[in-house]
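Step one of this worksheet: look at the structure below.
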Amino acid sequence: MKLGLDDVIAAQTILSHVDGEAGRLIVRGHDLEELAGRMSFERAVAILWEGLVTEGAEDLAGRIGAARARAFGHLAPLAPRLAGLTPVEGMRLLLAALPDADEDPAFLAIGGAGVAAAMAVRGAGGNGPIEPDPSAAHAADLLRMLRGTPADAGEAAGLDTYLVTIMDHGLNASTFTARVVASTEAGILSSVVAGLCALKGPLHGGAPGPVLDMLDAIGTVENAEGWLDDAIGRGERLMGFGHRIYRVRDPRADVLKAAAGRLKGRDNRIAFAEAVEAAALAVLERRKPGRRLDTNVEFYTALLLEALGIPRAGFTPLFGAGRTAGWVAHAVEQVKTGRIIRPRSDYVGPWPAQAA
Ligand code: ACO
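Just so you know, our numbering puts 234 at position 235 of the sequence shown, and the rest follows in order with no gaps.
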C-alpha cells in the first residue's frame, strides 16, 4: 500500500504530463513555455479542451463571456451571504450554487469560477459584486470585477500568464478529486466544487498567501537565513518549496517570476524574494539533505498576484479560477472511460469476536 498513492497511475490522460526529474510540464503536446506568456487564457483553454470539451475553432472567448454573465445572474443574489466567509469559502459557496442543468455546463463552470472568485474576494472585504462584461477578455474582466478598477494591458497579460500556467498539472490532488466525483457521473459543476475543496488546503493551493506572510515575517535579507533555519528547527515547512513530483525546480516558477518582473513599478518585491529563495534553498539543502526540495509554483505566484493588487486571501480563489479549465477537461475525460473510481482499503481494525 502507498500512503499518498505515490507513483500509482490512476488515469490515462491526453491533457498534461509532469516530468518531475526534468522539471518539465507538457500541456496537450506543448511545453508550458510555448503557451504561458504567449497567449490569452481563452486561447490556451481552446488548446486544452479541443476534441474533448469542444470541437475545434469555436468562439471560446464569446462563450466564456456569455457564461460569466449567466453565472452572475445566478450568483449576484448570494452576495449578502459572503460576509464573514474567507474568499475561498465564499467561492465554494458560490460555485455550489451553479445549476447542473445549464445549456453549457463546462462554460458555466469556467465563466462562473471567474465571477465567483471576484465576488468572493470582494464579499470578504465587505464590497458588493461587480457585473461582468461579456464582451471583455476573461483575464481583464476578472481583474476589473475583483478590484473595481479596469486592468491595463500589462496587468491583463500578467493574469493571462498566471491562469495559463496553472490551468492543468497532471493528476494533482484537486484534479484527482474532480475525476473521482466525475466518475460517479455527478456532473461537471460538482466535480469543480470538489476540486476547489481539495485545492483549498495549504499543502496544495493554499500556500501562496502564506508565502507573503513568510516574506513579511522575514522582513530583511539579513534576517532570511536565520529566520528560515529557525522555522525548519520548529518543524515547519517553508511555503513555496517542495513538491511531490518535482525533484528539481518547478518550471512554472520561472514563467511566473518573469511575468512578475514585467510588472515593474507596481508593488513588486522580486529582488527581495530572490534573496529569500536563495537562502531557503541553502537552508533546505543543509537541514533536509537528500530530500531534493526546490522552489514550487506558489512562491512566484505570490509575487505576481501581489503585483496585480490581489489581496493574499484571494490567491487560492484565483488559482481555482484557472485550474477550473483542467478540472472540467479531466471530468469530461474521466466520464468517457465509463468506469467509477473505486479503490480498496486495507482493513487494519479489529475483527468481530467469533460466536462461541
Ligand atoms: N519545507 C521544509 N521541509 C519540507 C518541505 C518544505 N516546504 N517540503 C517537504 N519537506 C520535508 C518534509 O518535512 C520531509 O522531511 P523528513 O524526511 O525529515 O520527514 C521531506 O521533506 C519529504 O517531504 P514529504 O512530506 O515526503 O513531501 P510531500 O511530497 O509529501 O509534500 C508538499 C509535498 C506537500 C508540497 C510539501 O513539500 C510542502 O508541504 N510544501 C510546503 C507547502 C507548499 O508550498 N505547497 C504548495 C505545493 S505546489 C501545489 O500544490 C500547487
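Ideal placement from N, C-alpha and C gives every residue a C-beta, glycine not left out.
What whole-angstrom Cβ distance do residue i and residue j have, given they're in contact under 8 Å?
i: A320; j: L162; result: 7 Å
i: E184; j: V334; result: 7 Å
i: I109; j: R322; result: Rounded, the Cβ-Cβ distance is 10 Å, inconsistent with contact.
i: I358; j: S15; result: Lying before the first or after the last residue shown, residue 358 is absent from the chain, which here runs from 0 to 355.
i: A328; j: D167; result: 7 Å
i: L94; j: L195; result: 6 Å
i: R121; j: L145; result: 7 Å
i: A123; j: L81; result: 6 Å
i: R62; j: I46; result: Wrong, their Cβ atoms sit about 15 Å apart, outside the cutoff.
Note down the Cα distance separating residue i from residue j, rounded to an integer number of angstroms.
i: L84; j: L158; result: 24 Å
i: D140; j: A230; result: 39 Å
i: F318; j: G225; result: 31 Å
i: L97; j: D103; result: 12 Å
i: E276; j: R23; result: 20 Å
i: I217; j: P310; result: 19 Å
i: R268; j: A119; result: 26 Å
i: A259; j: L188; result: 32 Å
i: H203; j: W350; result: 36 Å
i: G36; j: A281; result: 30 Å
i: F271; j: A60; result: 37 Å
i: L2; j: V44; result: 33 Å
i: S190; j: T336; result: 16 Å
i: Q11; j: E32; result: 23 Å
i: L237; j: A252; result: 15 Å
i: S39; j: H137; result: 8 Å
i: P154; j: E297; result: It should be pointed out that residue 154 corresponds to Glu in this sequence rather than to Pro. Cα to Cα, the separation comes out at about 19 Å.
i: A177; j: R91; result: 14 Å
i: S173; j: V192; result: 10 Å
i: S182; j: D228; result: 44 Å
i: R341; j: A223; result: 46 Å
i: L77; j: V52; result: 29 Å
i: G239; j: Y299; result: 8 Å
i: V254; j: L34; result: 10 Å
i: A289; j: W48; result: Sequence inspection shows Gly at residue 289; the Ala mentioned does not correspond to that position. Near 39 Å, if we compare the C-alpha coordinates of W48 and G289.
i: D212; j: A301; result: 10 Å
i: D101; j: G186; result: 11 Å
i: I244; j: D6; result: 9 Å
i: G89; j: G50; result: 33 Å
i: G234; j: I339; result: 39 Å
i: A274; j: V17; result: 27 Å
i: M0; j: S344; result: 9 Å
i: F314; j: K256; result: 16 Å
i: A135; j: E41; result: 11 Å
i: L283; j: A324; result: 33 Å
i: G200; j: G55; result: 35 Å
i: D58; j: G72; result: 22 Å
i: P86; j: F175; result: 23 Å
i: L262; j: A150; result: 12 Å
Flag residue i as yes when its Cβ comes closer than 8 Å to any non-hydrogen atom of the ligand ACO, and as no otherwise.
i: E297; result: yes
i: D132; result: no
i: D140; result: no
i: E235; result: yes
i: E204; result: Per the sequence presented here, residue 204 reads as Gly, with Glu not at that position. G204: yes, Cβ under 8 Å from the ligand ACO.
i: K287; result: yes
i: A172; result: yes
i: G3; result: yes
i: M213; result: no
i: D18; result: no
i: R146; result: no
i: F240; result: yes
i: I187; result: no
i: L283; result: yes
i: P201; result: yes
i: R23; result: no
i: L255; result: no
i: I231; result: yes
i: D249; result: yes
i: H168; result: yes
i: R311; result: no
i: L59; result: no
i: R246; result: no
i: L195; result: no
i: L317; result: no
i: L292; result: yes
Next on the checklist: Taking 8 Å as the cut-off, does the segment 196-209 touch the segment 105-114 (at least 3 CB pairs, one atom from each stretch)?
Outcome noted: Segment contact: the segment 105-114 against the segment 196-209, fewer than three CB-CB distances shorter than 8 Å; contact not assigned.
Item to check | Runs of alpha helix (DSSP H) wholly within the segment 108-178 (minimum 4 residues, chain order) | outcome: Runs of the alpha helix (DSSP H) spanning 4 or more residues and lying entirely within the segment 108-178 occur at 137-146, 152-164, in chain order.
Item to check | Touching by the beta-carbon criterion (3+ pairs, under 8 Å), the segment 124-143 and the segment 55-68 | outcome: Yes, they touch.
Next on the checklist: Just to confirm the assignment: which complete alpha helix (DSSP H) runs, minimum length 4, are found wholly within the segment 255-338?
Outcome noted: Whole alpha helix (DSSP H) segments, 4+ residues: 269-286, 296-306, 314-336.
Checklist entry - Do three or more CB pairs link the segment 229-248 to the segment 292-306 at distances below 8 Å? => result Taking 8 Å as the limit for Cβ pairs, the verdict is that the segment 292-306 does touch the segment 229-248.
Checklist entry - Does the segment 141-158 touch the segment 297-317, meaning 3 or more C-beta pairs lie closer than 8 Å? => result As far as the Cβ criterion goes, the segment 297-317 touches the segment 141-158, which means the pair count is three or higher.
Next on the checklist: Runs of 4 residues minimum, wholly inside the segment 31-80: which ones carry the alpha helix (DSSP H) assignment?
Outcome noted: Complete alpha helix (DSSP H) runs here, min 4: 31-34, 40-48, 59-74.
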